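The structure under discussion appears below in the form of structure tokens.
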Amino acid sequence: MKKVNKKYLQIGAIVLVIALICIAFDHYLDTFTLRYNSKTDLGKIMLPILDGLALAYFLNPVLKFVEKKLISPLYEKIKIKDEKKKKKQIRAISVAITMIIFLLIVAGLILLIVPQLLDSVQSIITRFPSYLNSFNSWSDRFLVKYPQLRTILDNYWENITDYAYKELLPRAQTLVSNISSTVVGSVFKVLSVTFKFIIGIILSVYLLYSKETYQAQSKKMVYSLFDEERANNLINNIRFANRTFGGYISGKIVDSIIIGFLCFIGTTIMNMPYALLISVIVGVTNVIPFFGPYLGAIPSGFIILMINPIKCLWFLIFILILQQIDGNIIGPKILGDSTGLSSFWVIFAITLFGGFFKVLGMFLGVPIFAIIYAAIKTFVDTRLERKKLPSKTYYYIDSDYHSDKNDPENTGESIRFINKTFSNVSGYGNNLTDATLDLEFEEGGSEESAEEEE
1 MKKVNKKYLQ
11 IGAIVLVIAL
21 ICIAFDHYLD
31 TFTLRYNSKT
41 DLGKIMLPIL
51 DGLALAYFLN
61 PVLKFVEKKL
71 ISPLYEKIKI
81 KDEKKKKKQI
91 RAISVAITMI
101 IFLLIVAGLI
111 LLIVPQLLDS
121 VQSIITRFPS
131 YLNSFNSWSD
141 RFLVKYPQLR
151 TILDNYWENI
161 TDYAYKELLP
171 RAQTLVSNIS
181 STVVGSVFKV
191 LSVTFKFIIG
201 IILSVYLLYS
211 KETYQAQSKK
221 MVYSLFDEER
231 ANNLINNIRF
241 ANRTFGGYIS
251 GKIVDSIIIG
261 FLCFIGTTIM
271 NMPYALLISV
281 IVGVTNVIPF
291 FGPYLGAIPS
301 GFIILMINPI
311 KCLWFLIFIL
321 ILQQIDGNII
331 GPKILGDSTG
341 LSSFWVIFAI
351 TLFGGFFKVL
361 GMFLGVPIFA
371 IIYAAIKTFV
381 DTRLERKKLP
391 SKTYYYIDSD
401 YHSDKNDPEN
411 TGESIRFINK
421 TFSNVSGYGN
431 NLTDATLDLE
441 FEEGGSEESA
451 EEEE
């Protein structure tokens, strides 16, 4: 294969990485500020409030643990007559400890992990030409055994290099001239987002400290707008949504942290290059169901491939084993059946919400769709109960339609007027390829009367 100029490769790699970082960061800001177009300012205004609400929501379980397990037992030993004052002190100390824990975690990530990640990225950029030459040498040795495959790849490689020199490099030069302004704009965005995030932290402190008051005010508003029955149903639905959403998100985060940690241990034992960077990529992308592990394995595998193709193969095998452990052992233990969705609906939710809201939608789409699915199911079951029809799905699997003539007392227990009997039926996935259809009519019925009922 032809040798590639190291100078061009290094410039191209640096430009590509910087451009991807700028584009990704700008897209991140656009997504999280709800800017569906460049003229929308509502997301910018609401961002600190949304940050505060989200932060308070995710830190609330930590606050509960600190308050009930740590601070309250200590105050039981302190004799304070004023119970109101005692509760305020417990809450204030618990909120302070919760925020300290959160800030320590953020500081630890910034001070310990981020510098190593930056060093890894910088090392990849500077060593990219040598990695590519090593890969070329390995591929040359491999393709000696397969001359026909070598001819095909050589032709493709020439096309790729010609395109890179004639198309990509001129565009890269133009991009480099615009990089300074892009970086300056990104710096200002970082400062703006940081300032708004600090405001969000302050708001979350107030929300956590007076959470019972805000909950009571919300209930008060609900009961003022709806009658008692509807208000109770609405509050129950909100509680269900909270259990589903909160349980899934917190469980998925814990699961991803465990997977990232196990990945770091495994890659370190196997002496994989850039073990920390790869583990962070795998752990972060693991929060996305189904597709996340593969999204993380692709860039990680590519990094290892450029350095050592054999280790890349071992890494992919390790990721497959790790994901099987996660899917069959770790995930079910932590998450359980928190969403109640089948695999089809999980993929449907990821595709739908991911198309609208990108990565954020892929992460939050499953619990949100689970709530929507549960609401629709409750609505359908309620309507069926009012009609005195069974709500269980299996009643409808082998039934054509329902008739009150087959259920004169209208008990809803009998739903078969025309019954379909199949020779090969298995659950919800009915295999009708070899099915034989027999129409069974109740005594006194006929095909004509059945058609009239339809």
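Position one of the sequence shown corresponds to residue 1 (this note's numbering), numbered consecutively onward. Where is the CB? At the ideal position from N, CA and C, for every residue including glycine. If you're wondering where the values come from, they're calculated on a predicted model, not measured in any experiment.
Quick one: grab the DSSP three-state call for residue i.
i, result
"Gly340", "coil"
"Val282", "helix"
"Leu74", "helix"
"Ile101", "helix"
"Lys311", "helix"
"Met362", "helix"
"Ser134", "helix"
"Leu389", "coil"
"Asn237", "helix"
"Asn271", "coil"
"Pro289", "coil"
"Asp478", "With the chain running from 1 to 454 in the structure shown, residue 478 is simply not present."
"Ile397", "coil"
"Lys145", "coil"
"Asp227", "coil"
"Ser210", "coil"
Short check: CB of residue i to CB of residue j, under 8 angstroms?
i, j, result
"Ile307", "Pro273", "yes"
"Ala349", "Gly327", "no"
"Ile455", "Leu234", "Here the chain covers residues 1 to 454 and nothing more, so residue 455 does not appear."
"Phe353", "Ile376", "no"
"Thr98", "Leu55", "no"
"Gly266", "Phe318", "yes"
"Gly200", "Gly52", "yes"
"Val280", "Ile113", "yes"
"Thr339", "Tyr395", "no"
"Lys276", "Gln122", "A small fix is needed here, since residue 276 is Leu in this sequence, not Lys. Their beta carbons are not under 8 angstroms apart, which means Leu276 does not touch Gln122 by this criterion."
"Thr244", "Ala370", "yes"
With a 10 Å radius around its C-beta and 16 neighbouring C-beta atoms as the bar for buried, classify residue i as buried or exposed.
i, result
"Leu74", "exposed"
"Tyr206", "exposed"
"Ile288", "buried"
"Leu225", "exposed"
"Asn242", "exposed"
"Asn236", "exposed"
"Leu322", "buried"
"Ile278", "buried"
"Leu47", "buried"
"Phe379", "exposed"
"Leu208", "buried"
"Ser256", "buried"
"Gly361", "buried"
"Phe264", "buried"
Below 7 angstroms CB to CB, which residues in the same chain sit around residue i once its five sequence neighbours on both sides are set aside?
i, result
"Ile347", "Phe290"
"Phe363", "Val287, Ile288"
"Gly301", "Cys312, Phe315, Leu316"
Within the same chain, show all residues whose beta-carbon is closer than 8 angstroms to that of residue i, passing over the 5 residues directly before and after it, in chain order.
i, result
"Ile253", "Val287"
Tell me, please, whether the region 211 to 225 touches the region 287 to 305 by the rule of three or more beta-carbon pairs shorter than 8 angstroms.
Short answer: they don't touch.
For the pair the region 58 to 78 and the region 94 to 107, tell me if three or more CB-CB distances fall below 8 angstroms.
Judged by Cβ distances under 8 angstroms, the region 58 to 78 makes contact with the region 94 to 107, as three or more pairs qualify.
At least three beta-carbon pairs within less than 8 angstroms, the region 268 to 286 to the region 309 to 328
Yes: at least three Cβ pairs fall under 8 angstroms.
Touching by the beta-carbon criterion (3+ pairs, under 8 angstroms), the region 252 to 264 and the region 279 to 288
As far as the Cβ criterion goes, the region 252 to 264 touches the region 279 to 288, which means the pair count is three or higher.
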